[in-house]
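What follows is a set of notes on a single structure, which appears directly below.
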Amino acid sequence: MSKHAILTSEQHRELRVSTTRGADLGDAVMSSLIVPDEFRRVQNEYPILFHRNLERDSYTALALFGFENGENLFLDGDRWDARYRPLAVDIQPFLIGRPAIEGGEAQVHVDLDSPRIAPGGEGVRVFDEDGRPTPYLETIAEQLGALDAGWRGSDDFFAALTRYNLIEPLTVDVTLDNGSEHRLAGYHGIDEDRLQALDASELGDLHDAGHLMPIFMALASLSNLAKLIARKNAAVARG
Amino acid sequence: MSLDTWLNGRTGTVNQSTTRANNRPVSRIVIVGGGTAGWLAACRIAAAADPAAEHPIEVTLIASPDVATVGVGEGTWPTMRATLEKIGISEVEALLACDGSFKQGSRFIGWATGAEGDAYLHPFSPPVDADPVALVAAWQAKAAGCSFADAVTPQAGVAQRRLAPRQRSMPDYAGALNYGYHLDATKLAGLLARHATGRLGVRHLCDHVTGVERAEDDTVLAVHARSHGPIAGDFFLDCTGQAALLMADVPWIDRGGTLFNDRALAVQVSVAPDSPIAAQTDATAHRAGWIWDIGLPTRRGVGCVYSSGHMSDDEAAATLAAYLGVAEVPTARRLVFRSGHRERFWSGNCLAIGLSAGFLEPLEASAIVTVELSIDALLADWPSPATMPIQAKRFNELFRYRWDRIVEFLKLHYALSRRQEPYWRDHRAPETMPERLAELMALWTHRPPCSDDLPMVDEVFAAASYQYVLYGMTDAVTAPGQFRPQPAPKLAAVEQRARALSASLPTNRAYLDALRAAHGSPALEQQS
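Protein chains in written order, with my numbering: chain A, 4 to 242; chain B, 25 to 552.
This is the structure we're talking about:
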């Protein structure tokens, strides 16, 4: 169970956060939530898949790092071998909190049980000795803001995809160099045939709402699957 | 045994041996002296040598069991990082084995006026890259009260917070800021000795040198050791400290008329395990000298440097006691020295490295760096029998230049003072001032120090160092504005960088405690 607290300069004046990468810091994950606003940067590195949340009957987008739970093929010791990391990875151990009252302002929360809470005076300070936010926290606050706005746009995006029936189930079968076979099932992707069949006014609608670019980015991102498989083969070969 | 019998026993006849020696590359290196200088030289040469060479270089170091090393040089320059890396010692091992911490510069307290709040930092990181005139103008344009160092480098804020210059996750010897070390010099010599003999194949003879065997042309053929007899070599390094066993005949150039300090009283004070560790050497001026204060994880090294012509030993002890806030100083080591250096450092086939070459008062911790520079120069132009006189001449010219520049830079700290005690007034007397320094100081009353003032590629002290001292101690000069201004440096970026670094760097204490927790320390010291 996570211990979340509202971040304040009084309570967390001396708080330090580990910003290095590592499995022990929670980076050994096979995927991360992403928002359509960052698809363009995500598709440079990772395959983008959709995941259907049955309880809420909604979709979320994921960047894929590996083929099984706990496998992050971009993580190499203390190095994350990519030029971009999804916002939801970078903002840890922080999160956006909303007060119970309707319309209250978003707050920065911190997960005090996160392995990123640094013991022993190493790691990056969140507040300086006078209680002012450090450049690190300023960056985090910007990222949290972007993520918050992205979340709100995400529902619109998937509503539009659903409206135009552009989502189809996606199953990826992977055969590794050593002959072993793996299957990624339960994900969804863009239905390319339907996308091609949209007429100009439909495309215009999607474009006006800002959805067209992320749709094509998600489509293009699937070429990263081959690179991810290559990483997997290399990892298997290393043992 | 006479030299003749000994040489005959080895190679037949003396003549034959001489002929062969002339054709053979310099490969038998004999280092006399087992202090920091001797072991640094042994390690650097042995680490650079190719064991598969046709004439592999063999390094023999003779250290006397009768002679204690000086062992108070506790501050290094940033050059030590490259030196240790070339030798093949990891930074973790060096920090743990030498009880080391990080040094990011020196803070001079009470040097300008001695008034309350009179202090400035001379950091190791240079100012943000800019034309010197534009740099000084940008500093002056900042809010009053912002020191030069604070304005031009993020290191000032980092050092003031006692933060480490790096994070542990960075590669060895890399830093967010430039840094050297504070360390236990005796332990450094021990680490280097273990590394040299255990990993680099240096032959270590624990013996006392009793004599030097020279050929007619003064070439050193062998040194005689009490138990091992004659030890022959092609090239000899005199690292025997003030004794200068091989180089004592070379005239000494006294610099005491410019740099008066000739005594030091050194103590060690233990510190609480969780006490903060300073990021710089503190040098606090007193009425006839200054006090060094160097923080290591387990102790502080504190020493009173003074001029015996201006202060008695008892007064120095009282000054040190007052600084430490105690009634009486604990057991102190007394050091007597005279600032000066040899007329030549390389004579025949013998090179003086370390205190045998010279010594200047320790204000800028120039002793170890001079050793490093000497070894660099030796390795960069390895002696060859046929050209040795030319190489010696070039080395001597280079190092005479360097000693002169160090003397001038040290003198600058005194020459800029406005303190009124006799010692400080004497320091400003024109007859004590090197001519070149007086000229430069005249120039700097109307323009900042620039790289053309220090024209060598490898100046020991670059223009930046002069700027830090000059603008730490005096007001800036205002340009008359007759020329179009150069692009102004972005000092706001310095401020932003200082904020980011202050947030992301651990304190020295946190860094070194975590290092010990991660690696444990005693195991390394057991190696031999």
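Using N, Cα and C, we set each Cβ at its ideal position, and we do this for glycine too.
Interface residues of chain C around residue i at Cβ under 7 Å?
i        : result
A/THR174 : Included in the structure are the protein chains A and B, with no chain C among them.
Return the CA-CA distance between residue i and residue j, expressed in angstroms with no decimal places.
i        : j        : result
A/LEU228 : B/LEU201 : 40 Å
A/ASN56  : B/LYS166 : 56 Å
A/GLY80  : A/LEU28  : 11 Å
A/HIS112 : A/LEU179 : 42 Å
B/VAL395 : A/PHE42  : 57 Å
B/LEU539 : B/GLY124 : 11 Å
A/ARG82  : A/GLY107 : 38 Å
A/ASP2   : A/LEU231 : The structure shown does not extend to residue 2 of chain A, since chain A spans only 4 to 242, so no value can be given for it.
B/ASP405 : B/GLY204 : 26 Å
A/LEU110 : B/TRP316 : Before going further, note that residue 110 of chain A is Gln rather than Leu in the sequence given. Spanning the two alpha carbons is a distance of roughly 49 Å.
B/SER114 : B/ALA213 : 15 Å
B/GLY313 : B/ALA389 : 15 Å
B/ALA512 : B/PHE172 : 15 Å
B/GLU109 : B/ALA303 : 22 Å
B/ARG357 : B/GLY327 : 9 Å
B/SER408 : B/GLU459 : 37 Å
B/GLU463 : B/THR498 : 17 Å
A/LEU209 : A/ALA163 : 7 Å
A/ILE143 : A/ILE99  : 11 Å
A/ASP2   : B/ILE301 : It is not possible to answer for residue 2 of chain A, since the shown part of chain A is limited to 4 through 242.
A/LEU222 : A/GLN199 : 12 Å
B/ALA45  : B/GLY112 : With a pLDDT of only 48 at B/ALA45, under 50, the local geometry of the prediction cannot be trusted, and no value is derived from it.
A/ASP160 : A/GLY189 : It should be pointed out that residue 160 of chain A corresponds to Phe in this sequence rather than to Asp. Cα to Cα, the separation comes out at about 20 Å.
B/GLY129 : B/GLU385 : 17 Å
B/ALA500 : B/ALA249 : 58 Å
What did DSSP end up calling residue i once you bin it into helix, strand or coil?
i        : result
B/ARG238 : strand
A/THR157 : Residue identity check: residue 157 of chain A is Ser in the sequence provided, not Thr. Helix, per DSSP.
A/LEU98  : strand
B/GLN520 : helix
B/ARG44  : The predicted model places B/ARG44 with a pLDDT of 45, which falls under 50 and marks its position as unreliable; any figure quoted below should be read in that light. The answer is helix: DSSP assigns B/ARG44 an H, G or I state.
B/CYS263 : coil
B/TYR205 : strand
B/CYS474 : coil
B/GLY313 : strand
B/PRO454 : helix
B/PHE433 : helix
B/PHE383 : strand
B/GLY222 : helix
B/VAL493 : helix
Is it the case that the Cβ atoms of residue i and residue j are separated by a distance below 8 Å?
i        : j        : result
B/ALA175 : B/PRO147 : no
A/SER34  : A/PHE70  : no
B/LEU207 : B/GLU98  : yes
B/VAL54  : B/VAL247 : yes
B/ASP262 : B/GLY372 : no
B/GLN292 : B/GLY325 : yes
A/GLY124 : B/PRO530 : yes
B/VAL353 : B/ASN285 : no
B/ASP100 : B/ILE414 : Residue identity check: residue 100 of chain B is Thr in the sequence provided, not Asp. Not closer than 8 Å, so no.
A/LEU18  : A/VAL129 : yes
B/ALA158 : B/GLN510 : yes
B/ASP90  : B/HIS232 : yes
A/ARG44  : A/TYR87  : yes
A/SER21  : A/ALA85  : no
B/PHE369 : B/PHE433 : no
B/ALA220 : B/CYS67  : yes
B/LEU215 : B/ALA118 : yes
B/HIS365 : B/ILE255 : no
B/MET465 : B/CYS374 : no
B/VAL295 : B/ARG323 : yes
B/PRO473 : B/LEU440 : no
Evaluate contact between the region 132 to 150 of chain B and the region 332 to 339 of chain B, counting only Cβ atoms and requiring at least three cross-stretch pairs below 8 Å. no
Any chance you could list the alpha helix (DSSP H) runs of at least 4 consecutive residues sitting entirely within the region 114 to 201 of chain B, in chain order? 115 to 121, 156 to 165, 172 to 176, 179 to 184
Whole beta strand (DSSP E) elements within the region 11 to 83 of chain A, 3-residue minimum: 34 to 37, 51 to 56, 61 to 67
Output the residue ranges of the beta strand (DSSP E) runs that lie fully inside the region 173 to 220 of chain A and measure 3 residues or longer, sorted by chain position. 184 to 193
Indicate whether the contact test is met: 3 or more Cβ pairs, each with one atom in the region 180 to 188 of chain A and one in the region 154 to 171 of chain A, closer than 8 Å. no
Ignoring anything shorter than 4 residues, give me the alpha helix (DSSP H) runs that lie fully in the region 117 to 159 of chain A, in order along the chain. none
Evaluate contact between the region 517 to 531 of chain B and the region 484 to 492 of chain B, counting only Cβ atoms and requiring at least three cross-stretch pairs below 8 Å. no
Inside the region 318 to 366 of chain B only - alpha helix (DSSP H) runs reaching at least 4 residues: 337 to 348
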